[in-house]
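What follows is a single structure, written as C-alpha cells, with notes after it.
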Amino acid sequence: MKLKKILCVLTAAFMAMTLLAGCGGGGDKKEADSKAKSEMKVMRVAGSIDFAPFEFQDETKKEYQGFDMDLIRAIGKEMGVKVEISNITFDGLIPALEAGNIDAIISGMTINDARKKKVLFSDAYYESGLTMVVASDNSTIKTFKDLEGKKVAVQIGTTSAAEVRKIKDVKITELDTPSICFMELMAGNVDAVVNDRPVNDYFISRGFDGVKALPERLTAEEYGIAINKKNPELQKKVNAALKKLREKGEYQKIFDKWFAAKKVK
Ligand code: GLN
Numbered sequence: 030m031k032l033k034k035i036l037c038v039l040t041a042a043f044m045a046m047t048l049l050a051g052c053g054g055g056g057d058k059k060e061a062d063s064k065a066k067s068e069m070k071v072m073r074v075a076g077s078i079d080f081a082p083f084e085f086q087d088e089t090k091k092e093y094q095g096f097d098m099d100l101i102r103a104i105g106k107e108m109g110v111k112v113e114i115s116n117i118t119f120d121g122l123i124p125a126l127e128a129g130n131i132d133a134i135i136s137g138m139t140i141n142d143a144r145k146k147k148v149l150f151s152d153a154y155y156e157s158g159l160t161m162v163v164a165s166d167n168s169t170i171k172t173f174k175d176l177e178g179k180k181v182a183v184q185i186g187t188t189s190a191a192e193v194r195k196i197k198d199v200k201i202t203e204l205d206t207p208s209i210c211f212m213e214l215m216a217g218n219v220d221a222v223v224n225d226r227p228v229n230d231y232f233i234s235r236g237f238d239g240v241k242a243l244p245e246r247l248t249a250e251e252y253g254i255a256i257n258k259k260n261p262e263l264q265k266k267v268n269a270a271l272k273k274l275r276e277k278g279e280y281q282k283i284f285d286k287w288f289a290a291k292k293v294k
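What follows is the structure in C-alpha cells.
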C-alpha cells in the first residue's frame, strides 16, 4: 500500500515536470536557445564558389550553380527554411562559422579529424579524393612520389595543401582558388596541381588543353556539410533532410544532373 502511494507521488511529479518542460520550462536559457534555433527561417550557408561542378558562378544565371548548391537548396526546402548562400574564400569558411556569421558550410569540404575539433559535420554526402594535374607532355611525373622536389600548386586551407606538405622537398604554392592553381600550371610556373578528383576531371572535360589528370588517387575523402559546434539541433535536421532526399530519389536526381549517370554509392 505504502509503495503504491510513493509510486503515485513519483508519477505525478514526473508528469508535472514533463508538462513544465513542454511549456518552455519557465525561461530555461538552454531551452530558449534551442527553440530559437529550431525556429530558424533562413539558413545562412557559405561556400568557396570556385569549385565546379560543386559550386561556381555561371554569368548567364543569377544563382550560384553546382551539385552542392542544388543539394543545400533541396535540404532547405525539406527543412522548410530559406537558404541564403554567400561566397567566402575556403580558408575563411570555418572561422566564419565559428564566429556565428553563418549557420553552415557546403563547399566540397572533406570530413576530417582536424576540422571535427572545430565544427560538426553532417553525414557524408559525396565520396571524393585527391588527384594531380600536370602538363600533357610531362612524362616525368607519373605518381605522387614523383612530386618530390617539384613545384606544386594547391588551394589554401585544403586537404590537398596538407597532403602535399608531407612530400619531401616539395615547393608548395598555396593559392586562393583551384582556378588560379590551374592558371599557374598552364603558364608553366608550377609542375603540378593537386586538387579534388571530380573538380580536376570537370576542369579538363571543359576543354582545357595542354593538361592531363593522372589516375592515381592520393586519398579517399568524403564531403560533409559543416555546422556550428553549438548547434547539434541543426546537424540533426540537415541529416534528416539528407536522408529524406536519398529516400525520395531526389539526391540521385541532383547527382545525375552534375555527374551524368554514375551510380551513387
Ligand atoms: N575537399 C577539399 C578540402 O576539404 C577541398 C575543398 C575545396 O577546395 N572546396 O579541403
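In the numbering used here, the protein residues as written are 30 to 294.
Every residue, glycine too, gets a C-beta built ideally from N, C-alpha and C.
Predicted model, so just to flag it, every value in this text is computed and none were measured.
{"Check": "Taking R102 as the reference, which of A133, F119 and G129 has the closest Cα?", "Outcome": "A133"}
{"Check": "How is the alpha helix (DSSP H) around R275 delimited, first residue to last?", "Outcome": "P261 to E276"}
{"Check": "Only counting the same chain, and skipping five residues up and downstream in sequence, which positions put a Cβ closer than 7 Å to that of K273?", "Outcome": "E107"}
{"Check": "Determine the direct distance from the alpha carbon of T139 to that of K277, and round the result to whole angstroms.", "Outcome": "25 Å"}
{"Check": "Between N260 and T160, is the Cβ-Cβ spacing less than 8 Å?", "Outcome": "no"}
{"Check": "May I ask you to list the residues that DSSP assigns as paired with K200?", "Outcome": "K180"}
{"Check": "Per the DSSP calculation, M72 is bridged to which residue(s)?", "Outcome": "V112"}
{"Check": "Using a threshold of 8 Å, state whether the C-beta atoms of I117 and K147 are closer than that.", "Outcome": "no"}
{"Check": "For N224, report the span of its beta strand (DSSP E) as first-last.", "Outcome": "A221 to D225"}
{"Check": "Can you give me the C-alpha to C-alpha distance between M69 and V219, rounded to a whole angstrom?", "Outcome": "46 Å"}
{"Check": "Please determine whether the Cβ atom of G137 lies at a distance below 7 Å from any heavy atom of ligand 1.", "Outcome": "yes"}
{"Check": "Check whether the Cβ of E203 sits closer than 7 Å to any heavy atom of ligand 2, and report yes or no.", "Outcome": "No copy of ligand 2 occurs in the structure displayed; its ligands are ligand 1 alone."}
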